[in-house]
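Asks: Pasting a structure below so you can have a look.
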Amino acid sequence: MLSIANSTIQRDPITFTDDKLEVGPVIRSFLDGVYSSSMEDCANRLKANTTKYVVDFARKWECQGVLNMIELVVRLNIRGLKDIKPVPFHLFDLFLLAIKLERYELAGDCLRDRDGQQWGINEGEEDDHDENDKRDNYLPANLQSDQRVDGWLHLQAGAGISVFDLSASHYEDFVEIPPNIVWALMRANRLAKINANGKDFEDNLGTSS
Amino acid sequence: MTTADTSNTETGTAKKTDVKWSTKYNDDDADVELVSSDGWHFKVHSYQLQTVS
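This is the structure we're talking about:
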């Protein structure tokens, strides 16, 4: 725990040694969370590339306040509520953060059908944007209502790649996903393809006569 | 980060051999100094850290 006993004494510096977790960008992002004046302020400060490490850092040093703040921001974004300015994270980043936070029901909410959306291949228009632009297609619906493809939970428009296709994820993300979550993602993708092809769910599981 | 050299990092501009100070978290009134494993120094207030612990 990053607890300080007496603020009137000149202290030695607290030196961190983990060369992956306790590096400058992560500590700075952690401090951004510490110094956030509100949940919205925290959401504005969060960065997709360091937040997952901030979760690990805050957990290591038992800073539950920062974890709570991040969880609230992730929760509101995944559920697409309008109470908060959405963070510019890819849905997959939010999914990974939910796993990091051990909030599996939130991770599940990334996958579940909502608002009448169906799992399936999105046959949207060809996308001639670069890769970064394509990632924007999967921002929460309330972030880009005017550009929302038919089902941001679904497969990537024009490219035929699922948002949750593990083979499309970065290796460093992939290796951090627990095996049970890997299985669930593979299963979800399989069912998405089955539904997209209009086949009966039970037929494909081999349980139908 | 405070700078005396030209190597940019995500946290700012770093001095190659000297102490690297955060420009954002470098309050003279702060009573706690944090040093990252890659040499960045942050000065923060203990009461802020206590609010999240």
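The listed protein sequences correspond, in order, to chains A and B.
Sequential numbering of the first sequence, starting at 29, is according to our numbering.
Sequential numbering of the second sequence, starting at 264, is according to our numbering.
Virtual Cβ for every residue (Gly too), placed ideally from N, Cα, C.
With a threshold of 16 other CB atoms inside 10 Å of the CB of VAL282 (chain B), please say whether the residue is buried or exposed.
Replies: With fewer than 16 Cβ atoms within 10 Å of its Cβ, VAL282 (chain B) is classed as exposed.
Asks: Between the C-alpha atoms of SER316 (chain B) and VAL62 (chain A), what's the straight-line distance to the nearest angstrom?
Replies: The alpha-carbon atoms of SER316 (chain B) and VAL62 (chain A) are separated by roughly 10 Å.
Asks: Closer than 9 Å, Cβ to any Cβ of chain B: which residues of the stretch 88-101 of chain A, in chain order?
Replies: Cβ contacts with chain B come from TRP89, GLU90, CYS91, GLN92, GLY93, VAL94, LEU95, ASN96 and MET97.
Asks: Determine which residues share a DSSP beta bridge with THR43 (chain A) and list them.
Replies: Looking at the DSSP assignment, THR43 (chain A) forms a beta bridge with B:VAL298.
Asks: Since I believe LEU124 (chain A) is in contact with LYS80 (chain A) (beta carbons under 8 Å), could you give me their beta-carbon distance rounded to a whole number of angstroms?
Replies: Sure, about 6 Å apart at Cβ, within 8 Å.
Asks: Let me make sure I understand the geometry here. Which of A:THR45, A:VAL83, A:VAL82 and A:LYS75 has the alpha-carbon closest to that of SER300 (chain B)?
Replies: The option with the nearest alpha carbon to SER300 (chain B) is A:THR45.
Asks: Please work out which residues of its chain come closer than 8 Å, Cβ to Cβ, to LEU49 (chain A), disregarding the five sequence neighbours upstream and downstream, and give them in chain order.
Replies: Here the set comprises TYR81, ASP84, PHE85 and LYS88.
Asks: So what does DSSP say about PHE117 (chain A), is it helix, strand or coil?
Replies: Residue state, collapsed to three classes: coil.
Asks: What residue range is occupied by the uninterrupted alpha helix (DSSP H) comprising TYR199 (chain A)?
Replies: Unbroken alpha helix (DSSP H) run through TYR199 (chain A): 199-202.
Asks: Would you please verify whether the beta carbon of LEU59 (chain A) is less than 7 Å from any beta carbon of chain B?
Replies: So, interface residue.
Asks: Tell me ASN289 (chain B)'s beta-bridge partners as DSSP assigns them.
Replies: Its beta-bridge partners are B:LYS306.
Asks: Would you tell me roughly how many angstroms separate the C-alpha atoms of HIS308 (chain B) and VAL51 (chain A), rounded to the nearest one?
Replies: Taking the straight line from one Cα to the other gives about 19 Å.
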